[in-house]
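Protein chains in written order, with the numbering used here: chain Z, 1 to 298; chain P, 299 to 580.
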């Protein structure tokens, strides 16, 4: 009797675990299947290297969107990661208990705000602010507004994962370092952060995945123009004032009106996004593994 | 062993569920088209025509309590496709039907139910009040990039547009940009009429195009070739940017569908069209 319950439970658990595998597989299969006409008609290489996307003129290049997604993700990481890591170190090592009790729930609350609300905030607050930067061609809509919105959106993910990995560093490391005469700051910087490095890295990669996949908030602030982002002035940083379109935004903006090859090309955009996220996740695993091994060698 | 059996059953069920999906739809469509007299009409397509179709449907349902009219959106292209492949009995399109669409679905019949004007609008701070058709084309194609090139102050022009595939954009491109010119690629694209209006009203130097139904005081209208964008000017032909709102059937309509379409083009139906802010057919 007992054995039977054991076996049934084992099967039930296995089915629930494998159903997610099945779902990933089926979604991947379906997206790929729908994208075949586009890849056949346009050619995968053409699609990836062509800058012009004009479905009305049979031009289906997604290079500009790949650049848009890449740059906005880079921007959000540049802004969001230092902020999130600072927050995590503060919560794990510095903050008095009562203060952490205020900060932590607030950060967690950030994760609960629907992305369309972030988009709205970006549209009515950030975009006019960014528009204040006096550069010809700057409309406020563009990579900078999008990066800032995205940085705030990935902050809670990175902060909470990084914090828990910092907390999991054995207390003896900290005490040992202090006993050797290191200051508190030296200990955090030289001992705790390196020891938690693999967890921090996976936190950043989780944030990266979230940034690549964000859609609705991006559509609302990035301008959605299909152009290669380029610097508006001599300063290369002004590229972030350029409008752009993300891969996710391309699908969401156009799918409701798309038919035929156009529709298939949007699915192909989804396949590219799928592959990009797989590359990010795989390289994250590689990085994690490398850092773990590096840690052991020490 | 047992686990494997259960798993494979589950996978088969999932696969079967995916594989079968298109079939029930096809059956439904078949049942609907043969049972047109049962009094249910499915209408799919342009989100510009949708609100009008809903009101016209309610009015017809009030007159014929046994009739149910179900209206859903999806866009003009979806409207033509749905009517052509039979997944809906009536498709809606807020633009002319393309020759490629007639080639794909040779059986479709187009019924114009109303006309709609498209106004050129600008952010209220823009001082330009009038443009010619050629100037409009140059602005939206990106050939002209500063208001001082069309008699305004030195201020960059920010073009705001709908996304590719939108019926409003399709009609605008056909009417204003013509065959050769393409929409400026630096245009800010927004995925709905409402978002275009908000963006245009808040971005200095912005210019956009909007269906008459979406005009409000947050944006200023610009006259084209000397004609203000008003229903009267569209009716007398002086305002050039207008388009038909179409219903599409696969083959000549019969039964309830024909009855509804003739109600729409009747005096009563056209009175509703005018009351909803659109322009009657002739």
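Every residue, glycine too, gets a C-beta built ideally from N, C-alpha and C.
> Taking a cut of 8 angstroms between CB atoms, which residues from the region 257 to 271 of chain Z lie near chain P?
Replying inline: 257, 258, 259, 262
> Between residue 455 (chain P) and residue 520 (chain P), what straight-line distance do the alpha-carbon atoms span, to the nearest angstrom?
Replying inline: Stepping through the second chain from its first residue, residue 455 (chain P) is reached at position 157. Stepping through the second chain from its first residue, residue 520 (chain P) is reached at position 222. About 14 angstroms.
> Where does residue 456 (chain P) fall in DSSP's three states?
Replying inline: On the second chain, position 158 is the one that residue 456 (chain P) refers to. Of the three classes helix, strand and coil, the one that applies to residue 456 (chain P) here is strand, per DSSP.
> Per DSSP, what kind of secondary structure is residue 396 (chain P) in: helix, strand or coil?
Replying inline: As a first step, residue 396 (chain P) must be located in the second chain, where it is residue number 98. If DSSP states are grouped into helix, strand and coil, residue 396 (chain P) belongs with coil.
> Is the beta carbon of residue 34 (chain Z) sitting closer than 7 angstroms to the one on residue 267 (chain Z)?
Replying inline: For the purposes of this step, residue 34 (chain Z) is taken as residue 34 along the first chain, with counting starting at 1. For the purposes of this step, residue 267 (chain Z) is taken as residue 267 along the first chain, with counting starting at 1. Yes.
>> Using 8 angstroms for Cβ pairs, my map puts residue 130 (chain Z) next to residue 145 (chain Z). What's the rounded Cβ distance?
In response: Along the first chain, read from residue 1 onward, the residue named residue 130 (chain Z) stands at position 130. Along the first chain, read from residue 1 onward, the residue named residue 145 (chain Z) stands at position 145. The Cβ separation is near 5 angstroms, so the contact holds.
> Where does residue 305 (chain Z) fall in DSSP's three states?
Replying inline: A query on residue 305 (chain Z) cannot be resolved here, the shown segment of chain Z reaching from 1 to 298 and no further.
>> On the DSSP letters alone, give me the boundaries of the alpha helix (DSSP H) that residue 235 (chain Z) sits inside.
In response: As a first step, residue 235 (chain Z) is located in the first chain; it is residue number 235 there, counting from the start. Premise fails: residue 235 (chain Z) is in no alpha helix (DSSP H) and is neither H nor E.
> From residue 181 (chain Z) to residue 174 (chain Z), what distance separates their C-alpha atoms?
Replying inline: Numbered from its first residue, the first chain carries residue 181 (chain Z) at position 181. Numbered from its first residue, the first chain carries residue 174 (chain Z) at position 174. Cα to Cα, the separation comes out at about 11 angstroms.
> What residues in its chain sit with their C-beta under 6 angstroms from that of residue 142 (chain Z), if we drop five residues either side in the sequence?
Replying inline: The count along the first chain starts at 1 and reaches residue 142 (chain Z) at position 142. Excluding positions up to five away in sequence, the list reads 223, 241, 242, 243.
>> Since residue 226 (chain Z) and residue 478 (chain P) should fall inside the 8 angstroms C-beta cutoff, what is the C-beta to C-beta distance between them, to a whole number of angstroms?
In response: Position 226 of the first chain holds residue 226 (chain Z). Position 180 of the second chain holds residue 478 (chain P). The pair is not a contact, with the Cβ atoms about 19 angstroms apart (cut-off 8 angstroms).
>> Measuring only the C-alpha atoms, how far is residue 171 (chain Z) from residue 208 (chain Z)?
In response: Numbered from its first residue, the first chain carries residue 171 (chain Z) at position 171. Numbered from its first residue, the first chain carries residue 208 (chain Z) at position 208. The straight-line gap from Cα to Cα measures roughly 30 angstroms.
>> Please classify residue 436 (chain P) as buried or exposed, where buried requires at least 16 other C-beta atoms within 10 Å of its C-beta.
In response: Here residue 436 (chain P) corresponds to residue number 138 of the second chain, with the count starting at 1. The residue is buried, with at least 16 neighbouring Cβ atoms inside 10 Å.
>> Quick check: what's the CA-CA separation for residue 15 (chain Z) versus residue 85 (chain Z)?
In response: For the purposes of this step, residue 15 (chain Z) is taken as residue 15 along the first chain, with counting starting at 1. For the purposes of this step, residue 85 (chain Z) is taken as residue 85 along the first chain, with counting starting at 1. Distance between the alpha carbons of residue 15 (chain Z) and residue 85 (chain Z): 37 angstroms.
> Buried or exposed: which applies to residue 462 (chain P), given that a residue is buried once 16 or more other Cβ atoms fall within 10 Å of its Cβ?
Replying inline: Along the second chain, one-based indexing puts residue 462 (chain P) at 164. That one is buried.
> DSSP beta-bridge partners for residue 53 (chain Z)?
Replying inline: Here residue 53 (chain Z) refers to the residue found at position 53 when the first chain is read from its first residue. Note: residue 53 (chain Z) sits in a beta bridge opposite Z:60.
> Hey, which unbroken runs of the alpha helix (DSSP H) at 4 residues or more fall wholly within the region 45 to 129 of chain Z?
Replying inline: 63 to 89, 97 to 112, 115 to 121
> If the cut is a Cβ gap below 7 angstroms, which residues of chain Z does residue 483 (chain P) touch?
Replying inline: For the purposes of this step, residue 483 (chain P) is identified with residue 185 of the second chain, where counting begins at 1. Here the neighbours are 225, 226, 227.
> Got a sec? Which residues, its chain only, sit under 6 angstroms from residue 362 (chain P) by beta carbon, not counting five neighbours each side?
Replying inline: The residue labelled residue 362 (chain P) in the question sits at position 64 within the second chain. There are no such residues.
> Of the choices Z:135, Z:155, Z:127, Z:194, whose alpha-carbon is the least far from that of residue 236 (chain Z)?
Replying inline: In the first chain, counting from the first residue as 1, residue 236 (chain Z) sits at position 236. Checking every option, the nearest Cα to that of residue 236 (chain Z) belongs to Z:135.
> Quick one: what's got a C-beta closer than 7 angstroms to residue 249 (chain Z)'s C-beta in the same chain, skipping five residues either side?
Replying inline: Here residue 249 (chain Z) is taken as the residue at index 249 of the first chain, counted from 1. Taken in chain order, the residues that qualify are 215, 218, 219, 222, 224.
>> Taking CB distances under 7 angstroms as the criterion, tell me whether residue 328 (chain P) reaches chain Z.
In response: Your numbering for residue 328 (chain P) matches position 30 in the second chain. Only weak support is given to the placement of residue 328 (chain P): the predicted model assigns it a pLDDT of 38, under 50, and the value that follows is read from those uncertain coordinates. So, not an interface residue.
> Distance, Cα to Cα, residue 481 (chain P) vs residue 81 (chain Z)?
Replying inline: Along the second chain, read from residue 1 onward, the residue named residue 481 (chain P) stands at position 183. Along the first chain, read from residue 1 onward, the residue named residue 81 (chain Z) stands at position 81. Near 38 angstroms, if we compare the C-alpha coordinates of residue 81 (chain Z) and residue 481 (chain P).
>> Please confirm whether residue 297 (chain Z) has its beta-carbon closer than 7 angstroms to some beta-carbon of chain P.
In response: Here residue 297 (chain Z) corresponds to residue number 297 of the first chain, with the count starting at 1. Annotation note: pLDDT 47 at residue 297 (chain Z) (below 50); position unreliable, no value reported.
>> For residue 188 (chain Z), report the span of its beta strand (DSSP E) as first-last.
In response: Counting from one through the first chain, the residue named residue 188 (chain Z) turns up at place 188. Premise fails: residue 188 (chain Z) is in no beta strand (DSSP E) and is neither H nor E.
>> So if I threshold CB-CB distances at 7 angstroms, which residues from the region 234 to 255 of chain Z count as touching chain P?
In response: 243, 253, 254
> residue 174 (chain Z) by DSSP, collapsed to three states: which one?
Replying inline: Working through the first chain from its first residue, we reach residue 174 (chain Z) at position 174. Three-state DSSP puts residue 174 (chain Z) in a helix.
> Are the C-beta atoms of residue 501 (chain P) and some chain Z residue less than 7 angstroms apart?
Replying inline: Position 203 of the second chain holds residue 501 (chain P). Output row for residue 501 (chain P): interface = yes.
> In terms of residue numbering, what span does the beta strand (DSSP E) encompassing residue 414 (chain P) cover?
Replying inline: Position 116 of the second chain, counting from 1, holds the residue named residue 414 (chain P). Run containing residue 414 (chain P): 406 to 420, per the beta strand (DSSP E) assignment.
>> Using a 10 Å radius around the Cβ and a threshold of 16 neighbouring Cβ atoms, would you call residue 404 (chain P) buried or exposed?
In response: Walking along the second chain from the start, residue 404 (chain P) turns up at place 106. The residue in question, residue 404 (chain P), is exposed, as its Cβ has fewer than 16 Cβ neighbours within 10 Å.
> Going along chain P, which residues have a C-beta under 9 angstroms from residue 55 (chain Z)?
Replying inline: Taking the first residue of the first chain as 1, we reach residue 55 (chain Z) at position 55. Within 9 angstroms Cβ-Cβ: 462, 463.
>> Can you give me the C-alpha to C-alpha distance between residue 61 (chain Z) and residue 228 (chain Z), rounded to a whole angstrom?
In response: Along the first chain, one-based indexing puts residue 61 (chain Z) at 61. Along the first chain, one-based indexing puts residue 228 (chain Z) at 228. Roughly 11 angstroms separates the two Cα atoms.
> In three-state terms, what does DSSP make of residue 342 (chain P)?
Replying inline: Residue numbering aside, residue 342 (chain P) sits at position 44 when the second chain is read from its first letter. In the structure shown, residue 342 (chain P) sits in a strand (DSSP, three-state: E or B).
>> Comparing C-alpha positions only, which one of Z:38, Z:118, Z:163, Z:132 sits nearest to residue 95 (chain Z)?
In response: The residue you call residue 95 (chain Z) lines up with position 95 of the first chain. The shortest C-alpha separation from residue 95 (chain Z) is found at Z:163.
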